[in-house]
Amino acid sequence: MLGQDVTNNNQIQTFISSNQLWIGIVLGWLLTRVMEMLRKPSISFGPANDSEFVRGNKKFKFINVTVKNAKQNFLKKFFFGNPSLNNARVWVSFKDFTSNIEILKINGRWASTKEPVDYSSGQPLIAEILLPSRDTIPQGEEANISIAIKESTEDSFFAFNNDSYLYNWKNPDFELKDNKYWLEIRLLADGNEYIGKFLFSNPSKSLKNFKIHES
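All residue numbers for the sequence shown refer to our numbering, where the first residue is 40 and numbers rise by one.
Okay, structure coming up:
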């Protein structure tokens, strides 16, 4: 029995010795992945506060989603620092409520960034519109993503991003007429992907009922 144990130990040692390189590669990869996961920012999505306003005697409401980069606990902060969400880009998708089939997908706009408009003339700036909207969110802070806009006299609403400034906020290709949609936010930053999902409700002309709910 003792001889068999010695033989088994020798076989294990032989296996380890002959495969040291591959074992080191696998362990190194696993350690790197664990470190990346621990450094990864803790991101959450939520409905932003209502934003209603009047423009030229017309009443509008914006729907925004808030992205929050939560504070780390003391140990994570001590060992891994304060990870920001860097140069983040977003995509916004509207899906049919019944079939969950994607109806519209647009580049997202960070509402915290400058509008692509020449403020002196009021004209849209094509060069800025063509650039994908990006933002950086330090730990413990938040930023909003523009989602949609609606006028109080209309049944339908319009998805909203930088392109909307070319159409006085109402891009006809972005018009949405149904009462309900599934809304999906896809965020990409530092090689990591984050997904936020909501139910979009637009049951009537009333701006009060034009809102999103966490799904």
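Glycine residues also receive a C-beta, built at the ideal position from the N, C-alpha and C atoms.
Closest to residue i by C-alpha separation, out of the options, would be which residue?
| i | options | result |
| --- | --- | --- |
| ILE186 | GLU223, GLU167, GLN178, GLU180 | GLU223 |
| ILE310 | LEU205, LEU227, TRP130, LYS189 | Outside the modelled stretch of the chain, which goes from 40 to 254, sits residue 310, for which no answer is possible. |
| ASN241 | LEU227, LEU226, GLU214, ASP229 | GLU214 |
| SER195 | PRO211, LYS97, ASP202 | PRO211 |
| LEU226 | TRP130, GLU193, SER123 | TRP130 |
| GLU167 | GLU154, SER160, GLN178, GLY161 | GLU154 |
| ILE82 | GLY95, PRO122, ARG94 | PRO122 |
| GLY95 | ASN218, ASN207, ILE142 | ASN207 |
| THR192 | SER138, HIS252, SER245 | SER245 |
Taking DSSP as the reference, what is the three-state secondary structure of residue i?
| i | result |
| --- | --- |
| GLU141 | strand |
| PRO86 | strand |
| PHE136 | coil |
| PHE239 | strand |
| LEU246 | coil |
| ASP174 | strand |
| LYS100 | strand |
| TYR15 | Outside the displayed span of the chain (40 to 254) sits residue 15, for which this structure offers no information. |
| ASN207 | coil |
Taking 7 Å as the threshold (C-beta atoms), are residue j and residue i in contact?
| i | j | result |
| --- | --- | --- |
| ILE176 | ASN103 | no |
| ILE184 | PHE197 | no |
| ARG128 | PRO86 | no |
| PHE239 | SER254 | no |
| PHE84 | GLY235 | yes |
| LYS97 | GLU190 | yes |
| ASN146 | ASP229 | no |
| PHE92 | TYR220 | no |
| LYS79 | ASN231 | yes |
Which same chain residues, not among the five before or five after residue i, have their C-beta less than 8 Å away from its C-beta?
| i | result |
| --- | --- |
| ASP89 | LYS100, LYS250 |
I need the boundaries of the alpha helix (DSSP H) containing residue i, first residue and last residue.
| i | result |
| --- | --- |
| ALA166 | 165-169 |
Which residues bound the beta strand (DSSP E) around residue i?
| i | result |
| --- | --- |
| PHE196 | 196-198 |
| LEU222 | 219-228 |
| ALA182 | 181-190 |
Suppose the cutoff is 6 Å on Cβ atoms and the five residues either side in sequence are ignored; what does the same chain contact list for residue i look like?
| i | result |
| --- | --- |
| PHE199 | SER185, ALA187, ILE188 |
| THR105 | GLY85, ALA87, GLU181, ASN183 |
| TYR233 | ILE82, LEU226 |
Who are the Cβ neighbours of residue i in its own chain at under 7 Å, not counting the five residues just before and after it?
| i | result |
| --- | --- |
| ASP174 | ALA127, TRP149, SER151, THR152, ALA182 |
| TRP68 | The predicted position of TRP68 is uncertain, since its pLDDT is 49 and thus under 50; no value can be drawn from it. |
| ASP202 | ILE168, ASN210 |
| TYR158 | none |
May I ask whether a heavy atom of the ligand ADP can be found less than 6 Å away from the beta carbon of residue i?
| i | result |
| --- | --- |
| PRO163 | With respect to small molecules bound, the structure shown includes none, and the ligand ADP cannot be examined in it. |
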